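Protein chains in written order, with the UniProt record's numbering: chain A, 1 to 498; chain B, 1 to 498.
Built from N, CA and C at the ideal position, the CB exists for glycine as well.
Remember, it's a predicted structure, so these values are computed and weren't measured experimentally.
Let me begin by presenting the structure, written as structure tokens, before commenting on it.
Number of protein chains: 2
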Amino acid sequence: MTRTAVADLGSNSFRLVVFSAENGWWKRTDEIFESVRIGAGLAQTGELAPDRMQRGWSVAEVFDHFCRATRVDEVIAVATSAIRDAANGGAFAERAALPVRILSRDEEARYGYLAAVNSTTLSDGAVLDLGGGSVQLVAVEDRHARELGSWPLGAVRMTERFLADGEPASGKQLRAVRRHVAEALADAPWVPESGRRLVGIGGTVRNLAAAAAAASEQPSMGVQGFHLTSDALGALVDQLAALPAVERGKVSGIKPARGDLILAGAVVVQAIVEHGGFDGVEVTEAGLREGIFFERHLAFRDPPLFEDVRRASVENLAAQYHVDDAHTRHVARLTLSMFDELAALGIHPGDPAERELLWAAAMLHDIGMAIDYDDHHKHSRYLILNGALPGFSPREMVIVAEIARYHRKGMPSFSSDVARAVREGDDKLLDRGATLLRLAEGLERSRDQIVRTAEVTQDDGQVTLTLRADDPVSVARWAAERERDLFRRAFGRELEIR
Amino acid sequence: MTRTAVADLGSNSFRLVVFSAENGWWKRTDEIFESVRIGAGLAQTGELAPDRMQRGWSVAEVFDHFCRATRVDEVIAVATSAIRDAANGGAFAERAALPVRILSRDEEARYGYLAAVNSTTLSDGAVLDLGGGSVQLVAVEDRHARELGSWPLGAVRMTERFLADGEPASGKQLRAVRRHVAEALADAPWVPESGRRLVGIGGTVRNLAAAAAAASEQPSMGVQGFHLTSDALGALVDQLAALPAVERGKVSGIKPARGDLILAGAVVVQAIVEHGGFDGVEVTEAGLREGIFFERHLAFRDPPLFEDVRRASVENLAAQYHVDDAHTRHVARLTLSMFDELAALGIHPGDPAERELLWAAAMLHDIGMAIDYDDHHKHSRYLILNGALPGFSPREMVIVAEIARYHRKGMPSFSSDVARAVREGDDKLLDRGATLLRLAEGLERSRDQIVRTAEVTQDDGQVTLTLRADDPVSVARWAAERERDLFRRAFGRELEIR
Numbered sequence: 001m002t003r004t005a006v007a008d009l010g011s012n013s014f015r016l017v018v019f020s021a022e023n024g025w026w027k028r029t030d031e032i033f034e035s036v037r038i039g040a041g042l043a044q045t046g047e048l049a050p051d052r053m054q055r056g057w058s059v060a061e062v063f064d065h066f067c068r069a070t071r072v073d074e075v076i077a078v079a080t081s082a083i084r085d086a087a088n089g090g091a092f093a094e095r096a097a098l099p100v101r102i103l104s105r106d107e108e109a110r111y112g113y114l115a116a117v118n119s120t121t122l123s124d125g126a127v128l129d130l131g132g133g134s135v136q137l138v139a140v141e142d143r144h145a146r147e148l149g150s151w152p153l154g155a156v157r158m159t160e161r162f163l164a165d166g167e168p169a170s171g172k173q174l175r176a177v178r179r180h181v182a183e184a185l186a187d188a189p190w191v192p193e194s195g196r197r198l199v200g201i202g203g204t205v206r207n208l209a210a211a212a213a214a215a216s217e218q219p220s221m222g223v224q225g226f227h228l229t230s231d232a233l234g235a236l237v238d239q240l241a242a243l244p245a246v247e248r249g250k251v252s253g254i255k256p257a258r259g260d261l262i263l264a265g266a267v268v269v270q271a272i273v274e275h276g277g278f279d280g281v282e283v284t285e286a287g288l289r290e291g292i293f294f295e296r297h298l299a300f301r302d303p304p305l306f307e308d309v310r311r312a313s314v315e316n317l318a319a320q321y322h323v324d325d326a327h328t329r330h331v332a333r334l335t336l337s338m339f340d341e342l343a344a345l346g347i348h349p350g351d352p353a354e355r356e357l358l359w360a361a362a363m364l365h366d367i368g369m370a371i372d373y374d375d376h377h378k379h380s381r382y383l384i385l386n387g388a389l390p391g392f393s394p395r396e397m398v399i400v401a402e403i404a405r406y407h408r409k410g411m412p413s414f415s416s417d418v419a420r421a422v423r424e425g426d427d428k429l430l431d432r433g434a435t436l437l438r439l440a441e442g443l444e445r446s447r448d449q450i451v452r453t454a455e456v457t458q459d460d461g462q463v464t465l466t467l468r469a470d471d472p473v474s475v476a477r478w479a480a481e482r483e484r485d486l487f488r489r490a491f492g493r494e495l496e497i498r
Numbered sequence: 001m002t003r004t005a006v007a008d009l010g011s012n013s014f015r016l017v018v019f020s021a022e023n024g025w026w027k028r029t030d031e032i033f034e035s036v037r038i039g040a041g042l043a044q045t046g047e048l049a050p051d052r053m054q055r056g057w058s059v060a061e062v063f064d065h066f067c068r069a070t071r072v073d074e075v076i077a078v079a080t081s082a083i084r085d086a087a088n089g090g091a092f093a094e095r096a097a098l099p100v101r102i103l104s105r106d107e108e109a110r111y112g113y114l115a116a117v118n119s120t121t122l123s124d125g126a127v128l129d130l131g132g133g134s135v136q137l138v139a140v141e142d143r144h145a146r147e148l149g150s151w152p153l154g155a156v157r158m159t160e161r162f163l164a165d166g167e168p169a170s171g172k173q174l175r176a177v178r179r180h181v182a183e184a185l186a187d188a189p190w191v192p193e194s195g196r197r198l199v200g201i202g203g204t205v206r207n208l209a210a211a212a213a214a215a216s217e218q219p220s221m222g223v224q225g226f227h228l229t230s231d232a233l234g235a236l237v238d239q240l241a242a243l244p245a246v247e248r249g250k251v252s253g254i255k256p257a258r259g260d261l262i263l264a265g266a267v268v269v270q271a272i273v274e275h276g277g278f279d280g281v282e283v284t285e286a287g288l289r290e291g292i293f294f295e296r297h298l299a300f301r302d303p304p305l306f307e308d309v310r311r312a313s314v315e316n317l318a319a320q321y322h323v324d325d326a327h328t329r330h331v332a333r334l335t336l337s338m339f340d341e342l343a344a345l346g347i348h349p350g351d352p353a354e355r356e357l358l359w360a361a362a363m364l365h366d367i368g369m370a371i372d373y374d375d376h377h378k379h380s381r382y383l384i385l386n387g388a389l390p391g392f393s394p395r396e397m398v399i400v401a402e403i404a405r406y407h408r409k410g411m412p413s414f415s416s417d418v419a420r421a422v423r424e425g426d427d428k429l430l431d432r433g434a435t436l437l438r439l440a441e442g443l444e445r446s447r448d449q450i451v452r453t454a455e456v457t458q459d460d461g462q463v464t465l466t467l468r469a470d471d472p473v474s475v476a477r478w479a480a481e482r483e484r485d486l487f488r489r490a491f492g493r494e495l496e497i498r
């Protein structure tokens, strides 16, 4: 296992994140967060204040102790805006216990781009990184970064300039922010030309997504892949503007500590969406630190991007929990071959998107065994919903989780805590997926791939599954026969096993 | 890792369970269950029926395939009552794909005893194993098995003899069952002399506990450690007796397939509790298969028993999820030393039972990192509630889980889904535990055991925590200082860190 620590010395907080990677999986395994406010007073003096530097050095020392104590293999420490902009930033970095690299604006924007394109399906569009001091935008074409820009439009700065009084904000104030943003972006004609997809990173965007999710009673499962529409964003801006600043941190989804900055951040995002002609913002939880990790982890690729983010997410989650690989892949193969053959016979639509979700559920159906054998189907659901699958939307994650949930028993249905994330027709998709996965699991009862193939034929409205194997398979057959009722419900046909 | 498969060829079902053990942990990692009903028709003919034997051999073959495919290290196959009692049982066993050992009644009872004493705190009392055909009782003295007995009082047999009509049962019918049980047990005067604690194993007892838990709205977290009182058992018998047999499987907690046998089973348990003068039944989810595993796993001990079941449970769960051992143990040490010193100063009661729960929570506080770093405190709670801690009651597991849940942030409280399991005063215990654990976690922020000790002194109602360390510990101090409000709430004192 390789453990890489990324220390991010930001303007408000210092954060150390450890990424572990081994045999085909990677994940964030540890983190220390300390509020430092290294940038406090910087705007007035142009320098880091002595007491802030003392605190910063103490925290850097803790990070150093931590890395030594937990024996990480590599430590990469980077500093961003406050330390970059301060006249004594270099002096601060030199005396820190960790070797600190001060990132240029372009480098910072590039790491944001790597994070976004490695955690979403963005191919053409733009990446928005909204921080306290500045906003970075990156135009993406065929997954490559084509243009980078940085503007002093961060949430702190905009709050201080336009919304400093803490009162409810007037329409006039909001228009002034939006006009300011549009004027600033006028020097970058590539922004409105970058397509309609915009991926957003950073705490402001995450909080806005969480608030929009809460307002529409979406399941509380993180905001990875959440699509914040222009309408929802507009409604949030109206809601937040009507409140005094001290009340904004009480809105569900907004962190209290961010209450005083959230409105300015929301209006900036709104202005960028309008100006760029984007379809709202797709949210990712990855950011600068993930970007730095991906550069190492995918160093053998140029640019360092996963070939297929969704596939990589599923393979990553499966590998983390050490599932029986031969069994899992054979179940996936049997499931998909039945899916394809039933589609070829016209028995169901055979939608490729549905097929991919079914593949993901098959790959992940047994991961819950890592928690406990009993109820492992429920634990698989929990792990899928809580582990996040970058590249998938919350709706898709819920479908994958529920198909895995029903791979052994029970009547498939979306449970009430996640039902709001799916749409009409998804219950049929869940029925089909759970039925096929359960059939395949039954055929793989002995875990030795004894049933090599299961061929589907149709005769007079009855579907026949013909099993091919070298040894007798009576038990696989009994197991599959138990699912006949479920099959009838999902496909409206009788099932015969041969 | 050593993987041991135990195949249990029972009268109704064949079940293969795989236990994995490695570096200080063990757990059940896999299972195949097939309904075989090998005993069907045995009562009439005294022999296993040919079609049942065919099915049994097919399932044994699947087990064999499974063990080869998943490369288990050892396979132990045992047969119980039906195969033992059938005239052709030996012939069946000989032709099975697995080498089957037919257990005597005494051997079977002994494995039940090993399961019970290794999964509860039973030291003096008795173990009850209620099956379909027979009942085994084992008297336990100082954790040793002193007497074994077996009687033909199983749930199937009693149903056929006393409650075969499937109608609601009269008081007269129930009295007849109880009298029959008492008469049968009259040959074992040691039963009423074995103390007041009775541990029950087997599906009937588990279902009765689940029904009692549901009736009193206890959290649905398995029945390990659940105490089924005589009153609750009496209420269940009354409820079940008033229903026709077909309705009994619909009572919450009772599995539908067990509906026709559950009343007879409940009355037999009730009669044994009455006859033996026991304080109800404590339930364990372990059984024959675990007993067989424990005999291997603990072969270096005679009898093969954990030295301390509760400690073993906590160490086992902690080891399964690969927590940072040095950090975890240091957090536990700091937590308990503060607990002890505060108790010595008379600031809280210093209850040893509370201390043990706090130790368990400290040992398990980080296991949720195995799921995801984000929200790992919530994942630790989930793993504790779902992984089960044999030897602890549901109330104790809930307390441990909630202390771990609050080891980083949030205002400690029992969430509504588990609140029914705890009792008055437990909220104070949670407050104290979460506060001390969070303080210790703050002191161990750098994970390098830099704060060696934290000494507690009191002066004029203010508590001072004096940290001893070789290096500067300003960050540990800041982290601990954040918990001052929580400390005031839990201990009614101001906290000073030095």
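By the rule that beta-carbons nearer than 9 Å mark a contact, residue 31/A touches chain B.
A contact is defined here as three or more CB-CB pairs under 8 Å, and the region 181 to 200 of chain A meets this definition with respect to the region 280 to 289 of chain A.
Here residue 458/B carries a strand assignment [DSSP, helix/strand/coil]. Excluding five sequence positions before and after residue 401/A, the CB atoms of its chain that fall closer than 7 Å to its own CB belong to 381, 384, 385, given in chain order. Put simply, of 409/A, 65/A, 256/A the residue whose alpha carbon is nearest the alpha carbon of residue 97/A is 65/A.
58, 59, 62, 65, 66, 68, 69, 70: these are the residues of the region 56 to 72 of chain B whose beta carbon lies less than 7 Å from some beta carbon of chain A, given in chain order. Scanning the region 277 to 361 of chain A from its first residue to its last, the whole beta strand (DSSP E) runs of 3-plus residues come out as 281 to 283.
DSSP places residue 384/B in the uninterrupted alpha helix (DSSP H) bounded by 376 to 387. If you look at residue 30/B, you'll find it isn't in any alpha helix (DSSP H); it sits in the beta strand (DSSP E) that goes 25 to 35. Interface flag for residue 207/B against chain A is unset, since no Cβ pair is found closer than 9 Å. Contacts with chain A at 9 Å (Cβ-Cβ) do not include residue 428/B. Rounded to the nearest whole angstrom, the CA to CA distance from residue 118/B to residue 254/B is 26 Å. Under DSSP, residue 13/A takes part in a beta bridge, and its partners are 35/A.
At a cut-off of 9 Å, the C-beta of residue 475/B has a neighbouring C-beta in chain A.
Secondary structure of residue 371/A (DSSP, three-state): coil.
Taking all protein chains shown into account, residue 167/B has fewer than 16 neighbouring C-beta atoms within 10 Å of its C-beta and is therefore exposed. Within the model, the alpha-carbon separation for residue 259/B versus residue 323/A is close to 36 Å.
In this structure, the beta-carbon distance from residue 11/A to residue 131/A falls below 9 Å. Using beta-carbon distances, residue 382/B counts as an interface residue toward chain A, with a partner under 9 Å. Contact annotation: in the region 363 to 389 of chain A, residues whose CB is within less than 8 Å of a CB in chain B are 369, 370, 371, 372, 373, 374, 375, 379, 382, 383, 386, 387, 388. Around the CB of residue 177/A, 16 or more other CB atoms lie within 10 Å, so the residue is classed as buried.
Between residue 485/B and chain A, the shortest Cβ-Cβ separation is not below 9 Å. Contact residues of the region 399 to 431 of chain A toward chain B are absent (C-beta to C-beta distance below 8 Å). With contact defined as three or more Cβ pairs closer than 8 Å, the region 171 to 191 of chain A and the region 343 to 350 of chain A are not in contact.
Counting along the chain, the unbroken beta strand (DSSP E) around residue 148/A starts and ends at 144 to 151. The C-beta distance from residue 85/B to residue 202/B rounds to 18 Å, too long to fall under 8 Å, and the pair is not in contact.
From the beta-carbon of residue 455/A, no residue of chain B is found nearer than 8 Å; the closest lies around 22 Å away. The Cβ atoms of residue 391/B and residue 473/B do not sit closer than 9 Å to each other.
By the neighbour-count definition (other C-beta atoms within 10 Å, threshold 16), residue 466/B is an exposed residue.
Residue 239/A has its alpha-carbon roughly 11 Å from the corresponding atom of residue 211/A.
Residues of the same chain with a CB within less than 7 Å of the CB of residue 421/B, apart from the 5 flanking positions on each side, are 218, 219, 394, 395, 398 in chain order.
Within the region 253 to 282 of chain B, not one residue has a Cβ closer than 9 Å to any Cβ of chain A. Secondary structure note for residue 44/B: its alpha helix (DSSP H) is the uninterrupted segment 42 to 45. Its chain contains 429 as the residues whose beta carbon lies nearer than 6 Å to that of residue 354/B, once the 5 sequence neighbours on both sides are disregarded; these appear in chain order. Cβ-Cβ distances below 6 Å link residue 160/B to nothing in the same chain once the five nearest sequence neighbours on each side are left out. A Cβ-Cβ distance of about 21 Å is found for the pair residue 50/B and residue 77/B, leaving them out of contact under the 8 Å criterion.
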